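Undergrad:
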Amino acid sequence: MALRPYIVGNWKMNGTRAALAEARGIDRIAQRHPGVEVAMAPPATLLQAMAHEATHSVIGAQNCHQESGGAFTGEISAPMLADAGARFVIVGHSERRWQHNESDSLVRAKAEAVLAARMGVIVCVGESEEKRQAGLAEATVTAQLKASLPLVADAAAHLSVGYEPVWAIGTGRVPTVQDVGEMHRAIRAVLVEVYGEAGRGVRILYGGSVTSENAAQLLAADEVCGALVGGASLTAERFAGIIMAAAALVEA
Ligand code: 13P
């Protein structure tokens, strides 16, 4: 793996202050594996507490609003997240795209808002099962990506892409290593088309039912530079196996 592996835990709508003990445990594992960039995206309610305590892992958010402030009840802006200690924001997660009707152009606006607030951004893309069965997985993902990527100056330097097939999220089903490699190569080609050589430095993460059992295999696939982990990132014990699988690839 040419780029420093990036292992990101997306806690989704899980965790209360009792879960801070798990975050501390994850931070200690990160300390033992400096070759791996370990990150966690807790719910917004835990962001400040986790950012305050984390010393070897990076804390970020799962979503933001595209505007920096105003009459948007219930929303949180990118500058507010940065102020609370977030260093990155995930945008365009499929649960946002499908449950909240987020379009590619909205995802792009959010990504640009995150960069304007001087944080890193993870732009997520992924095909539905229907599209994969119709042989349209690559066309769907590359079209989503082209319409969602931030287009501001220097965007590639602070960008990662999360490839998460919708049908693999929370299902225990994963694509074959070959399918993952093919999709990541297609994503890399889009990144180079959009950003030129800088597109080669963007980390592309695989997400969808990653566990300590399958992480080593998935992380070894072509152009996979890390993982976006849901369920298996909720406890230090389960997340540790994934961080160690990434560490084994760089420390080998
Ligand atoms: P699971 O790891 O629970 O499948 O979730 C993946 C995901 O959506 C991470 O963003």
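The working numbering numbers the first residue of the sequence shown as 117 and each following residue consecutively.
The beta-carbon is built from N, C-alpha and C at its ideal position, and this holds for glycine as well.
Keep in mind it's a predicted model, so treat the numbers as computed, not measured.
1. Enumerate in chain order the residues of its own chain whose CB-to-CB distance from Gly-357 is below 6 Å, with the five nearest sequence positions on each side excluded.
2. For a test of your reading of the model: does the CB of Val-345 fall under 6 Å from any non-hydrogen atom of the ligand 13P? Yes or no.
3. Near Arg-133, what residues of its chain come up, given a Cβ to Cβ distance below 6 Å and the 5 sequence neighbours on each side ignored?
4. Among Phe-204, Lys-226, Arg-316, which has the Cα closest to the Cα of Arg-212?
5. Work out the CA separation of Val-268 and Ser-349 for me, nearest whole Å.
6. Among Ala-177, Ala-362, Glu-191, whose alpha-carbon lies nearest the alpha-carbon of Glu-183?
7. I'd like to confirm the pairing. Which residues does DSSP put opposite Ala-177 in its beta bridges?
8. Once you ignore the five residues that flank Arg-354 on each side, which residues in its own chain have a CB closer than 6 Å to its CB?
9. By Cβ distance, which residues of its chain are closer than 8 Å to Met-235, with the 5 residues on each side in sequence left out?
10. Less than 6 Å separating the Cβ of Gly-317 from some heavy atom of the ligand 13P?
11. Taking contact to mean 3 or more Cβ pairs, one atom from each stretch, closer than 8 Å, check whether the segment 140 to 152 and the segment 166 to 173 are in contact.
12. Measuring only from the beta carbon, is Ile-123 closer than 6 Å to any heavy atom that is part of the ligand 13P?
13. For Ala-343, which three-state DSSP category applies?
14. I'd like the list of long-range same chain contacts for Thr-258, defined as Cβ closer than 6 Å, with 5 residues on each side in sequence excluded.
15. Roughly how many angstroms lie between the CA atoms of Gly-141 and Met-166, to the nearest whole one?
16. What separation, rounded to the nearest whole angstrom, lies between the Cα atoms of Gly-125 and Gly-278?
17. Rounded to the nearest angstrom, what separates Ala-232 and Asn-179 at their Cα positions?
18. Would you call the CB atoms of Glu-280 and Gly-324 closer than 7 Å?
19. My understanding is that Val-282 touches Ser-244, with C-beta atoms under 8 Å, so please give their C-beta distance in whole angstroms.
20. Can you tell me where the beta strand (DSSP E) with Arg-319 in it begins and where it stops?
21. What three-state label does DSSP hand Glu-153 in the structure shown?
22. Could you name each continuous alpha helix (DSSP H) segment of 4 residues or more that falls completely within the segment 254 to 293, going from the start of the chain to the end?
23. Tell me whether Ser-328, by its Cβ, gets closer than 6 Å to a heavy atom of the ligand FMN.
24. Do you know offhand how far Ala-137's Cα is from Leu-252's?
TA: Checking against the coordinates, here is how it stands:
1. Ser-328
2. Val-345: yes, Cβ under 6 Å from the ligand 13P.
3. none
4. Lys-226
5. If you take the alpha carbons of Ser-349 and Val-268, they lie about 31 Å apart.
6. Glu-191
7. Val-205
8. Ala-348
9. Gly-176, Ala-194, Leu-197, Ala-198, Ala-202, Arg-203, Phe-204, Val-205, His-274
10. Not under cutoff, so the answer is no.
11. yes
12. no
13. strand
14. For Thr-258, the CB contacts under 6 Å within the same chain, skipping 5 residues up- and downstream, are Ala-302, Val-306 in chain order.
15. Per the coordinates, the alpha-carbon of Gly-141 lies some 12 Å from the alpha-carbon of Met-166.
16. 12 Å
17. 15 Å
18. yes
19. About 5 Å separates the beta carbons of Val-282 and Ser-244, which is inside the 8 Å limit, making them a contact pair.
20. 319 to 323 is the extent of the beta strand (DSSP E) around Arg-319.
21. strand
22. Fully enclosed alpha helix (DSSP H) runs of 4 or longer: not present.
23. As for the ligand FMN, it is missing from this structure, which binds only the ligand 13P.
24. Taking the straight line from one Cα to the other gives about 43 Å.
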